[in-house]
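Asker:
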Amino acid sequence: MNLSLRMVVVLTFVGLISGGLLSVVNLLTAERIELNRQKEIEEAITRVVPGTVSSAKLYEEDRFTVYAGKDDADQELGYAIYASGTGFQDIIVLMFGTDPAIEKIYSLTILEQTETPGLGAKITDQQAFLRFWQEKDIRQPLSLRKPAVVSLEELGASEVNAITGATISSDKVLGIVNLSLERLRQIKQEGKLTSGDSHVD
1010 MNLSLRMVVV
1020 LTFVGLISGG
1030 LLSVVNLLTA
1040 ERIELNRQKE
1050 IEEAITRVVP
1060 GTVSSAKLYE
1070 EDRFTVYAGK
1080 DDADQELGYA
1090 IYASGTGFQD
1100 IIVLMFGTDP
1110 AIEKIYSLTI
1120 LEQTETPGLG
1130 AKITDQQAFL
1140 RFWQEKDIRQ
1150 PLSLRKPAVV
1160 SLEELGASEV
1170 NAITGATISS
1180 DKVLGIVNLS
1190 LERLRQIKQE
1200 GKLTSGDSHV
1210 D
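Each step along the sequence shown adds one to the number in this note's numbering, with nothing skipped, and position 72 is 1081.
#1: Assuming residue 1120 and residue 1139 make a contact with CB atoms under 8 angstroms, what is their CB distance in whole Å?
#2: Just to confirm my understanding: we take residue 1081, look at its own chain, exclude 5 residues before and 5 after, and list those with CB closer than 6 angstroms. What are they?
#3: For a quick check, are the C-beta atoms of residue 1166 and residue 1179 less than 8 angstroms apart?
#4: With three or more C-beta pairs closer than 8 angstroms as the rule, is the segment 1086-1100 touching the segment 1062-1076?
#5: Helix, strand or coil: which one does DSSP assign to residue 1080?
#6: Which whole-angstrom value is the C-beta distance of residue 1060 and residue 1106, which I expect to be below 8 angstroms?
#7: Please list the terminal residues of the continuous beta strand (DSSP E) segment that includes residue 1070.
#8: As a quick exercise: from 1027, 1174, 1052, 1017, pick the residue whose alpha carbon is nearest that of residue 1155.
#9: What span of residues does the beta strand (DSSP E) with residue 1113 cover, start to end?
#10: Please report the distance separating the alpha-carbon of residue 1096 from that of residue 1193.
#11: Alpha carbon to alpha carbon, how far is residue 1029 from residue 1069? Give it in angstroms, no decimals.
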């Protein structure tokens, strides 16, 4: 066997072993990753729907899942919407909570993002961005206040604050939320948000 052929055989063998090891590692970690993801979602539901002690998945489709937040008497306190969309840099994954009538947004949290550090990444900052989403009137589409204001009192009932220097990231989050609210109302009108039943599209 000449040198070139031996190199090909050795490299092929090494490649097969490496691929096999990666597959085994993936199988061993996939379940743990999924459990961690589910735990993160459950914790987010309790943050965005106040008083939640348990939750149930009501509806799921691509990039959009609706959960019911429930109290200790199994009464629905509101909806937690898990949604994602394109940000300035990459995909933004978020969750927000509404009351059962879909008239008020309780709060918003960002679960995943890779926006520009120091600018767009401030969408995860409570003081700079998230606090301006609390208790907002969603009977009409939310709008973005540009330029940003300092205090909550300066915002209208359906206005959220832009991040200074990062209005694109702010606007992307706003778009995901408004589209999700539109879809939420549509599937509720279609009778697909029955508590205790999980509908998957």
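For glycine and all other residues, C-beta sits at the position ideal for the given N, C-alpha and C.
Answerer: According to the data block:
#1: Counting from 1 along the sequence shown, the entry for residue 1120 is found at position 111. Counting from 1 along the sequence shown, the entry for residue 1139 is found at position 130. Not quite, the Cβ-Cβ distance comes to about 12 angstroms (not below 8 angstroms), so this is no contact.
#2: The residue labelled residue 1081 in the question sits at position 72 within the sequence shown. Closer than 6 angstroms at the Cβ level, and outside the excluded window around residue 1081, lie 1062.
#3: Here residue 1166 corresponds to residue number 157 of the sequence shown, with the count starting at 1. Here residue 1179 corresponds to residue number 170 of the sequence shown, with the count starting at 1. Their beta carbons are not under 8 angstroms apart, which means residue 1166 does not touch residue 1179 by this criterion.
#4: yes
#5: Within the sequence shown, numbered from 1, the residue matching residue 1080 stands at position 71. DSSP places residue 1080 in coil when its eight states are reduced to three.
#6: Mapped onto the sequence shown, residue 1060 falls at position 51. Mapped onto the sequence shown, residue 1106 falls at position 97. At roughly 10 angstroms, the Cβ-Cβ gap does not stay under 8 angstroms, so residue 1060 and residue 1106 are not in contact.
#7: Reading the sequence shown from its first residue, position 61 is the one you call residue 1070. Its beta strand (DSSP E) spans residues 1063-1070.
#8: Counting from 1 along the sequence shown, the entry for residue 1155 is found at position 146. Among 1027, 1174, 1052, 1017, the Cα nearest to that of residue 1155 is on 1174.
#9: Your numbering for residue 1113 matches position 104 in the sequence shown. Its beta strand (DSSP E) spans residues 1113-1121.
#10: For this step, residue 1096 is matched to residue 87 along the sequence shown. For this step, residue 1193 is matched to residue 184 along the sequence shown. Spanning the two alpha carbons is a distance of roughly 21 angstroms.
#11: Taking the first residue of the sequence shown as 1, we reach residue 1069 at position 60. Taking the first residue of the sequence shown as 1, we reach residue 1029 at position 20. Straight-line Cα distance between these residues: approximately 34 angstroms.
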